[in-house]
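Residue numbers (our numbering): 13 to 288. Glycine included, every Cβ here is placed at the ideal spot set by N, Cα and C. Single-structure report; data block below.
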């Protein structure tokens, strides 16, 4: 059996789950292709069509923002090639709850010929601890490792449902859809709220890490001055991984003791892997 995993990850949590998912499927005799949707291979329409057509199973993974898809994943799903009853599984990562974050795209996928058979949520470390959202700081790597271990066990459960072709419809009920829809109404305004107060201070060294890693090309360097534009997708990659913490969300976030940055799900994590 062949499977292909398409994932988007802002700071590494979804990358971590997708990697564990690949490992578990491989143990169960699946041949797995594994791609970040930022991988340049997927910009070739023919390559994308071939990957999907030759696979028995499509898996899509993303973090939820206000119970919604990140903008890059929205664009990817909009551009998926038409299929006919292609078995599909979806997972999302979250720090608290996303209600129906993995299942709400069921009808959109169905319209393109992808049958959503399994949908599941994984609680991971919060990458969003800022003066505008003071919930659940990441904590040290011992705490992160405990969350990862719990999530890894849930991956095995997810895979067991996949290999048995059993339905798993997390969040597919009236209450979850009601809450999810209320969250999604605020999605655009939440992005704008954060984008409007994001700035670069004088700690910037012009290393261009933020420029090169932004998934929506929202950050530019003009005459050795980093500019944050108005197309942010709120992935938090630049904010968390700036080597000098020069990118801030209000001046209060310059206190990195009070507002520590999330440096990925494992020690030594490097963000360049998120584009592979």
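{"Query": "Could you check if residue 214 is buried or exposed, using at least 16 other CB atoms within 10 Å of its CB as the buried criterion?", "Result": "exposed"}
{"Query": "Applying the 10 Å Cβ sphere with the 16-neighbour rule, what's the burial state of residue 167?", "Result": "buried"}
{"Query": "I'd like the ranges of any beta strand (DSSP E) spanning at least 3 consecutive residues and lying wholly in the region 208-265.", "Result": "210-212, 231-233, 238-240, 259-261"}
{"Query": "Would you mind sorting residue 112 into buried or exposed? The rule is 16 or more other CB atoms within 10 Å of its CB.", "Result": "buried"}
{"Query": "Using a 10 Å radius around the Cβ and a threshold of 16 neighbouring Cβ atoms, would you call residue 285 buried or exposed?", "Result": "exposed"}
{"Query": "By Cβ distance below 7 angstroms, which residues in the same chain neighbour residue 29 in space, the five residues on each side in sequence not counted?", "Result": "73, 103, 105, 134, 163, 167"}
{"Query": "Give the straight-line distance between the Cα atoms of residue 195 and residue 22, rounded to the nearest whole angstrom.", "Result": "20 angstroms"}
{"Query": "Helix, strand or coil: which one does DSSP assign to residue 64?", "Result": "helix"}
{"Query": "Counting pairs of Cβ atoms below 8 angstroms between the region 250-262 and the region 270-279, do you hit three or more?", "Result": "yes"}
{"Query": "Let me check one thing: in DSSP terms, what residues is residue 106 bridge-paired to?", "Result": "135"}
{"Query": "Compare the beta carbon distance of residue 238 and residue 222 with 8 angstroms and say whether it is the shorter of the two.", "Result": "yes"}
{"Query": "Kindly indicate which three-state DSSP category residue 148 falls into: helix, strand or coil?", "Result": "coil"}
{"Query": "Leaving out the 5 sequence neighbours to the left and right, which residues in its chain are closer than 7 angstroms to residue 37 when beta-carbon positions are compared?", "Result": "15, 44, 171"}
{"Query": "To the nearest whole angstrom, what separates the beta carbons of residue 127 and residue 98, a pair I think is in contact under 8 angstroms?", "Result": "7 angstroms"}
{"Query": "Assign residue 108 to buried or exposed, taking buried as 16 or more other Cβ atoms, counted over all protein chains shown, within 10 Å of its Cβ.", "Result": "exposed"}
{"Query": "So, residue 114 versus residue 183, is the Cβ gap smaller than 8 angstroms?", "Result": "yes"}
{"Query": "Quick check: is any heavy atom of the ligand NAP less than 7 angstroms from the C-beta of residue 286?", "Result": "Although the ligand NAP was asked about, the structure shown includes no ligands whatsoever."}
{"Query": "So, for residue 217: in the same chain, excluding its five sequence neighbours on each side, which residues have a beta-carbon less than 8 angstroms away from its beta-carbon?", "Result": "255, 256, 258"}
{"Query": "Relative to the alpha-carbon of residue 94, which residue among 70, 270, 242, 141 has its alpha-carbon at the smallest distance?", "Result": "70"}
{"Query": "Kindly identify the DSSP beta-bridge partner or partners of residue 72.", "Result": "18, 102"}
{"Query": "Looking at the structure shown, is residue 130 part of a helix, part of a strand, or coil, going by DSSP?", "Result": "strand"}
{"Query": "If we count the other Cβ atoms within 10 Å of its Cβ and call it buried at 16 or more, is residue 24 buried or exposed?", "Result": "buried"}
{"Query": "From what residue to what residue does the beta strand (DSSP E) around residue 45 run?", "Result": "43-48"}
{"Query": "For residue 156 versus residue 120, is the C-beta spacing smaller than 8 angstroms?", "Result": "no"}
{"Query": "By DSSP, does residue 25 sit in helix, in strand, or in coil?", "Result": "helix"}
{"Query": "With the cut-off set at 8 angstroms, would you say residue 283 and residue 143 are in Cβ contact?", "Result": "no"}
{"Query": "Buried or exposed for residue 18, please, with buried defined as at least 16 other CB atoms from any protein chain shown within 10 angstroms of its CB.", "Result": "buried"}
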